[in-house]
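Trainee: The following block contains the structure, expressed as structure tokens.
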Amino acid sequence: MIRVLGIETSCDETAASVVALDGGAAPEILSNVVLSQIEEHAAFGGVVPEIAARAHVEALDGIVEAALADSSVSLDEVDAIAATAGPGLVGGLIVGLMTAKAIAAAANKPLIAINHLEGHALTARLTDGLDFPYLLLLVSGGHTQIVAVRGVGDYQRWATTIDDALGEAFDKTAKMLGLPYPGGPNVEKAAATGDAGGFAFPR
5 MIRVLGIETS
15 CDETAASVVA
25 LDGGAAPEIL
35 SNVVLSQIEE
45 HAAFGGVVPE
55 IAARAHVEAL
65 DGIVEAALAD
75 SSVSLDEVDA
85 IAATAGPGLV
95 GGLIVGLMTA
105 KAIAAAANKP
115 LIAINHLEGH
125 ALTARLTDGL
135 DFPYLLLLVS
145 GGHTQIVAVR
155 GVGDYQRWAT
165 TIDDALGEAF
175 DKTAKMLGLP
185 YPGGPNVEKA
195 AATGDAGGFA
205 FPR
């Protein structure tokens, strides 16, 4: 069995998780600790990179400790350390990657640099046991893509937005409508109580 401690700090959530891999069996999530920064960014109506990076610095040690404690796996029992290396907000990435490098060096464990988008692409296999190949609609705060996923490291991007990702569009729409941050959930709530026939769109 292989156990990996993963660290994620690419945007406005500080997260750590311990995942166990046992041969061909489905991976098991032993712990998953996530701290949101919504309160820190709400006054600005969006993510402020410098504030995000500082919040990661303040929270990450405790999040990693909690992930290990929740998993009942000690650092000695972890086989590798993984961390998001990009894409993302540079300050946050540096915090997570430097922390992961320090842990890996101190514990004499290998370090695995993770591509944030590849993580999105492979999560379906972690939760749903999906077999390759599959078509992925990747929709996040900073990216919107259609990707053919043929295997680990084997991807073909079929389409992507050329300006704003859907997550950005939701946040900007919410701001224009005077809705609070984060935009996505608040636009969704407003839409659920709105008048679907209020505007006549061309067909």
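Per my numbering, residue 5 is the first one in the sequence shown, and the count goes up by one each step.
Backbone N, C-alpha and C fix where the C-beta goes; we use that ideal spot for every residue, glycine too.
#1: Quick one: grab the DSSP three-state call for R207.
#2: So I6 packs on L25, CB below 8 Å; how close in whole Å?
#3: Since A169 contacts T148 with CB under 8 Å, what's their CB separation in whole angstroms?
#4: Determine, using beta carbons only, whether G90 and H60 come nearer to each other than 8 Å.
#5: Measuring CB to CB, does V38 end up less than 8 Å from A63?
#6: Under 8 Å, with one C-beta from each stretch per pair, do the stretch 133-141 and the stretch 100-110 reach the 3-pair mark?
#7: So, helix, strand or coil for V99, using DSSP?
#8: Are the beta-carbon atoms belonging to V22 and S75 less than 8 Å from one another?
#9: Quick check: what's the CA-CA separation for G50 versus M180?
#10: My assumption, with CB atoms under 8 Å, is that A84 sits in contact with I116. Please give the rounded CB distance.
#11: What does the Cβ neighbour count give for I166, buried or exposed, with the cut at 16 atoms within 10 Å?
#12: Is the separation between the beta-carbon of G92 and that of S14 shorter than 8 Å?
#13: Report the CB separation of P184 from A46 in whole angstroms; it is logged as a contact under 8 Å.
Mentor: Taking the definition as stated:
#1: coil
#2: 5 Å
#3: 4 Å
#4: no
#5: no
#6: no
#7: helix
#8: yes
#9: 13 Å
#10: 6 Å
#11: exposed
#12: yes
#13: 7 Å
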